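Asker:
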Amino acid sequence: QEYLDFRKERSRMLLSRRNQLLLEFSFWNEPQPRQGPNIYELRSYKLKPGTMIEWGNNWARAIKYRQENQEAVGGFFSQIGELYVVHHLWAYRDLQSREETRNAAWRKRGWDENVYYTGEWTLHLLWGPPARAGNPLPSPLFFPSPVPLIRTMESRIMIPLKISPLQ
92 QEYLDFRKER SRMLLSRRNQ LLLEFSFWNE PQPRQGPNIY ELRSYKLKPG TMIEWGNNWA
152 RAIKYRQENQ EAVGGFFSQI GELYVVHHLW AYRDLQSREE TRNAAWRKRG WDENVYYTGE
212 WTLHLLWGPP ARAGNPLPSP LFFPSPVPLI RTMESRIMIP LKISPLQ
């Protein structure tokens, strides 16, 4: 009876729910218990249909550039539920170390080449500081933006519960 009461109460708070059965990419380390404190970033990508093999091939080459600090926790793809969905789980000491680690990865030759390839790069225009002293007009800045194999992506920062083996 207690469980039925709980389900009834939970249904008042639950707006929606979806389930996925995930498989681990063979080139990622298997998630292992970790000492903390850490925060975790779950990056989720919805890929264009037919691109999972290409995604996997590129990440199999790229992941070795992110394993030296042990921040790569796991990489998974959907098998049942919404298909062509990939999840990457990363561990960091805090948000500052996340930023530093991610910036350092982009400076490594190999990481940038493999991850860059997973995107179709289009140019976006921003206005930067004046091109020369005395010129009040901003100069145009062009920067690449990836979106090729990816339909959408999402990033969530998570803090583990005390009972979690991932601290």
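Going left to right, the sequence shown walks through residues 92 to 258 as the numbering used here numbers them. Ideal Cβ placement from N, Cα and C applies to all residues, glycine included. Bear in mind that the values here come from a model prediction, so they are computed numbers and not experimental data.
Quick one: is W197 buried, meaning 16 or more other Cβ sit within 10 Å of its Cβ, or exposed?
Answerer: Position 106 of the sequence shown, counted from the first residue, corresponds to residue 197. Answer is exposed; the Cβ neighbour count stays below 16.
Asker: To the nearest angstrom, report how far apart K99 and Q258 are at their CA atoms.
Answerer: As a first step, residue 99 must be located in the sequence shown, where it is residue number 8. As a first step, residue 258 must be located in the sequence shown, where it is residue number 167. Looking at the two C-alpha atoms, the distance is approximately 32 Å.
Asker: By DSSP, does T243 sit in helix, in strand, or in coil?
Answerer: For the purposes of this step, residue 243 is taken as the residue at position 152 of the sequence shown. It is a strand residue.
Asker: Check whether the Cβ atoms of W202 and G165 sit closer than 8 Å, and answer yes or no.
Answerer: If you number the sequence shown from 1, residue 202 lands on position 111. If you number the sequence shown from 1, residue 165 lands on position 74. Cβ distance not < 8 Å, so W202 and G165 don't count as in contact.
Asker: Apart from the five residues on each side of it in sequence, which residues of its chain come closer than 8 Å, Cβ to Cβ, to E162?
Answerer: For the purposes of this step, residue 162 is taken as residue 71 along the sequence shown, with counting starting at 1. Here the set comprises W181, A182, Y183 and T192.
Asker: Three or more C-beta pairs closer than 8 Å, one from the stretch 142 to 149 and one from the stretch 100 to 108: is that the case here?
Answerer: No, because fewer than three Cβ pairs between the stretch 142 to 149 and the stretch 100 to 108 fall closer than 8 Å, the two stretches do not touch.
Asker: Near M244, what residues of its chain come up, given a Cβ to Cβ distance below 6 Å and the 5 sequence neighbours on each side ignored?
Answerer: Residue numbering aside, residue 244 sits at position 153 when the sequence shown is read from its first letter. Here the set comprises Y136.
Asker: Under 8 Å between the Cβ atoms of S255 and R134?
Answerer: Looking up residue 255 in the sequence shown gives position 164. Looking up residue 134 in the sequence shown gives position 43. Cβ distance not < 8 Å, so S255 and R134 don't count as in contact.
Asker: Checking the sheet assignment: what are the DSSP bridge partners for V176?
Answerer: Residue mapping note: residue 176 aligns to position 85 of the sequence shown, counting from 1. V176 is bridged to K137.
Asker: Starting from the C-beta of V65, find all residues in its chain whose C-beta is less than 6 Å away, skip the five residues before and the five after it, and write them out in chain order.
Answerer: The structure shown has nothing for residue 65, since the chain only spans 92 to 258.
Asker: Going by DSSP, which residues form a beta bridge with E115?
Answerer: Position 24 of the sequence shown, counted from the start, is the residue given in the question as residue 115. Note: E115 sits in a beta bridge opposite F167.
Asker: Out of Q158, H179 and T142, which one is the CA nearest neighbour of R242?
Answerer: Here residue 242 refers to the residue found at position 151 when the sequence shown is read from its first residue. Per the Cα distances, T142.
Asker: Could you check if F168 is buried or exposed, using at least 16 other CB atoms within 10 Å of its CB as the buried criterion?
Answerer: Translated into the one-based positions of the sequence shown, residue 168 becomes position 77. That one is buried.
Asker: Less than 8 Å between C-beta atoms, sequence neighbours within five positions excluded: which residues of the same chain meet that for Q158?
Answerer: Residue mapping note: residue 158 aligns to position 67 of the sequence shown, counting from 1. Taken in chain order, the residues that qualify are N120.
Asker: Pick out whichever of Q126, F97, E173 and K139 has its Cα sitting closest to the Cα of Q111.
Answerer: As a first step, residue 111 is located in the sequence shown; it is residue number 20 there, counting from the start. Q111 has its Cα closest to that of E173, out of Q126, F97, E173 and K139.
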